[in-house]
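For the sequence shown, the positions run 1 to 339 when the UniProt record's numbering is used. These notes are about the structure you will find just below.
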Amino acid sequence: MVNSQSRKERRRAELPILSSCGVPTKVGNIPRFLHSKKAWLPLLSCITISDSDLEGIKDQVVIVTGASSGIGLATVKRLIQHGAKVFVSDLQELPEPERSQIPFLETDVTSWSGQVALFKAAKDKYGVIHHVFANAGISSGTALLGKDVDDNGNLLPPDLKVINVNLIGLMYTVKLGIHYIKQNPKGGSIVMAASASSFTRFAPSDYTTSKHGVYGLLRSLYCTLYPNMPVRINAIAPSWTDTGIISADLIEAVGKENVQSPDVPARSVIALMADKNRHGQMIYSQNGKFWDIENGENGLVAHTDRMIAEREPGWEQESVIRLTKLRVERAAVAEMGKS
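Structure (structure tokens):
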């Protein structure tokens with residue numbers, strides 16, 4: 001006879017999605033996917049986010065995409081609680097009571113014209129945009145190992161819907177956010193929805209690729225936004241979170257003790273907006289705790305710099321300096337040509 005605990009553990013082992021590179025191995029009762037992060041987290045800069053850290057969002061105008069459920073909805077509720085002015089979008093209507101309280105525009109984030117209409121509507125409503133949460137996203141929908149063929153027996157291309165929503169749509173949101181926020185003399189910020197899969201080995205190829213892309217966008221825009229213009233860029237990277245993306249069956253397999261409330265990452269979103277000193281950060285959240293994955297002595301940037309320096313001391317930094325100087329010189333020449 002197999003008891004219920006044994007069935008749960010067996011179910012966890014059957015899900016390769018939990019493990020590194022799809023290999024269902026575990027350390028004790030913890031899936032290796034979770035264990036590897038737990039061993040690393042004590043080395044990182046732990047962040048405490050209290051309600052007082054969120055008060056700076058009061059009276060600020062915030063656009064939220066993907067706002068009708070999950071982390072998006074939790075963020076909207078938190079924003080309202082702390083006195084922000086919100087304009088939101090999704091393909092689905094907001095639930096009550098938010099539906100009756102908050103301006104909403106149905107928007108497909110893969111449509112550039114749709115997002116243009118969203119930002120124009122928010123600007124018309126409030127006169128200014130301070131912050132944007134680029135949150136809209138969907139779960140994995142395709143696998144590169146599939147053998148689907150057309151009527152002629154030719155292999156079909158992969159479905160790129162997840163890439164289009166999670167990355168291309170997010171880039172649309174970010175571009176529009178930069179355009180509108182820099183019109184505000186006091187500036188503001190953009191927070192992007194990354195994921196723990198942005199920096200770990202995670203089996204779903206389209207979803208993981210899209211979230212790695214978000215991470216790349218964070219690093220790229222860190223170099224070109226603040227302080228060159230009054231726009232800060234940050235990201236959140238939640239671990240397992242109870243949202244519409246994760247099925248009840250998967251939550252059971254992961255273990256409810258490893259799945260956090262969407263209010264946890266929502267707090268990190270608002271903290272990144274409210275604190276004007278936060279730029280280029282990616283806050284990882286797990287079970288109600290927060291870490292800055294990107295920065296600090298043991299962050300990913302520092303680790304990468306140390307690895308490169310061991311091979312070619314100073315070369316990578318010098319090349320970046322040269323490229324930045326070249327970019328500035330070209331921009332100056334272009335401006336002279338316009339005058």
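Glycine included, each C-beta is placed from N, C-alpha and C at the ideal position.
| Can you round the beta-carbon distance between Gln-115 and Thr-173 to whole angstroms, since I take them to be within the 8 angstroms contact cut? | Under the criterion of beta carbons closer than 8 angstroms, Gln-115 and Thr-173 qualify as touching, at roughly 6 angstroms.
| task | Quick one: using the 10 Å Cβ neighbour count with 16 as the cut-off for buried, is Pro-265 buried or exposed? | result | Buried is the call here.
| C-beta atoms of Arg-232 and Ser-189 nearer than 8 angstroms | Contact flag set, yes.
| request: In the DSSP assignment, find the unbroken beta strand (DSSP E) run with Asp-263 in it and report its ends. | output: First-last for Asp-263: 263 to 274, but that is the alpha helix (DSSP H), not the beta strand (DSSP E).
| task | Determine the closest residue to Val-214 out of Asn-152, Met-171, His-179, Met-273, with distance taken between C-alpha atoms. | result | Comparing Cα positions, the closest option is Met-171.
| Based on the DSSP output, what are the partners of Pro-238 in its beta bridges? | According to DSSP, Pro-238 bridges with Ser-285.
| query | Would you call His-303 buried or exposed, if buried means 16 or more other Cβ atoms sit within 10 Å of its Cβ? | reply | Exposed is the call here.
| said: Just to confirm before moving on: does the CB-CB distance between His-130 and Ile-80 stay below 8 angstroms? | reply: Taking C-beta atoms as the reference points, His-130 and Ile-80 fail to come closer than 8 angstroms.
| request: Please name the residue in Lys-175, Ala-136, Val-259, Gln-183 whose C-alpha comes closest to that of Val-165. | output: For Val-165, the nearest C-alpha among the options comes from Ala-136.
| task | Say whether the stretch 219 to 235 touches the stretch 278 to 286, bearing in mind that this needs 3 or more beta-carbon pairs closer than 8 angstroms, one atom from each stretch. | result | Contact holds: three or more Cβ-Cβ distances are below 8 angstroms.
| message | Would Arg-322 pass as an interface residue toward chain C - the criterion being a Cβ-Cβ separation below 8 angstroms? | response | Judged by its chain identifiers, the structure shown contains no chain C, having just a single protein chain.
| task | Compute every distance between the C-beta of Thr-65 and the non-hydrogen atoms of the ligand GTP, then say whether any falls below 7 angstroms. | result | The ligand GTP is absent from the structure shown, which contains no ligands of any kind.
| Candidates Ser-89, Asp-51, Leu-272, of which the one nearest Ile-236 by Cα | Here the closest residue by C-alpha is Leu-272.
| field | Contacting residues, own chain, Cβ-Cβ under 6 angstroms from Gly-177 (five flanking each side not counted) | value | The answer, listed in chain order, is Val-132, Ile-190.
| Beta-ladder partner(s) of Val-191, from DSSP | DSSP lists Phe-133, Asn-234 as partners of Val-191.
| query | How long is the line joining the alpha carbons of Leu-44 and Lys-211, rounded to whole angstroms? | reply | CA-to-CA, the gap between Leu-44 and Lys-211 works out to about 21 angstroms.
| request: Rank Val-86, Asp-305, Lys-147 by C-alpha distance to the C-alpha of Lys-295 and give the top, closest one. | output: For the record, residue 295 in the displayed sequence is Asn; it is not Lys. Considering only alpha carbons, the answer is Asp-305.
| query | DSSP beta-bridge partners for Glu-106? | reply | Checking the DSSP bridge columns, you'll see Glu-106 partnered with Asp-90.
| message | Does the stretch 47 to 64 come into contact with the stretch 86 to 103, if we say contact requires no fewer than three beta-carbon pairs (one atom in each stretch) closer than 8 angstroms? | response | With a cut-off of 8 angstroms on Cβ pairs, the stretch 47 to 64 is in contact with the stretch 86 to 103, counting three or more such pairs.
| request: Whole angstroms is fine: what's the gap from Asn-228's alpha carbon to Gln-183's? | output: If you take the alpha carbons of Asn-228 and Gln-183, they lie about 14 angstroms apart.
| task | Out of Phe-104, Gly-56, His-179, His-82, point me to the one whose CA is closest to Lys-125's CA. | result | Put simply, of Phe-104, Gly-56, His-179, His-82 the residue whose alpha carbon is nearest the alpha carbon of Lys-125 is Phe-104.
| message | According to DSSP, simplified to helix, strand and coil, what is Leu-167? | response | For Leu-167, the secondary structure class from DSSP, reduced to helix, strand or coil, is helix.
| message | Please report the distance separating the alpha-carbon of Asp-242 from that of Asp-263. | response | Asp-242 and Asp-263: Cα-Cα distance of roughly 10 angstroms.
| query | Going by DSSP, what residues sit across from Lys-85 in a beta bridge? | reply | Its beta-bridge partners are Val-61.
| query | Mapping DSSP to helix, strand and coil, what is residue 340? | reply | Residue numbering for the chain in the displayed model covers 1 to 339; residue 340 lies beyond these limits and cannot be assessed.
| task | Taking all protein chains shown into account, decide if Asp-292 is buried (16 or more other Cβ within 10 angstroms of its Cβ) or exposed. | result | So Asp-292 counts as buried.
| query | Arg-99 lies in the alpha helix (DSSP H); which residues open and close that run? | reply | Unbroken alpha helix (DSSP H) run through Arg-99: 98 to 101.
| request: Return the first residue and the last residue of the alpha helix (DSSP H) that Arg-219 is part of. | output: Element bounds for Arg-219: 205 to 224.
| said: Going by DSSP in three states, Leu-176 sits in which element: helix, strand or coil? | reply: Assigned with DSSP and collapsed to three states, Leu-176 falls in helix.
| Rounded separation between Pro-167 and Ala-117 - CA only | With the sequence shown as reference, residue 167 is identified as Leu, and Pro is not the correct amino acid for it. Our two residues, Leu-167 and Ala-117, have alpha carbons roughly 19 angstroms apart in a direct line.
| request: Identify the continuous alpha helix (DSSP H) that holds Gln-115 and give its terminal residues. | output: Where Gln-115 is concerned, the enclosing alpha helix (DSSP H) stretches over 112 to 126.
| request: Check Ile-71 in the structure and name its three-state DSSP category. | output: Assignment of Ile-71 by DSSP, reduced to helix, strand and coil, places it in the helix class.
| said: So, at 7 angstroms on beta carbons, what are the nonlocal neighbours of Ser-198 in its own chain, with the 5 sequence-adjacent residues on each side left out? | reply: Exclusion of the five residues before and after Ser-198 leaves Lys-211, His-212, Val-214, Tyr-215, Ala-237 as the residues of its chain whose Cβ lies within less than 7 angstroms of its Cβ.
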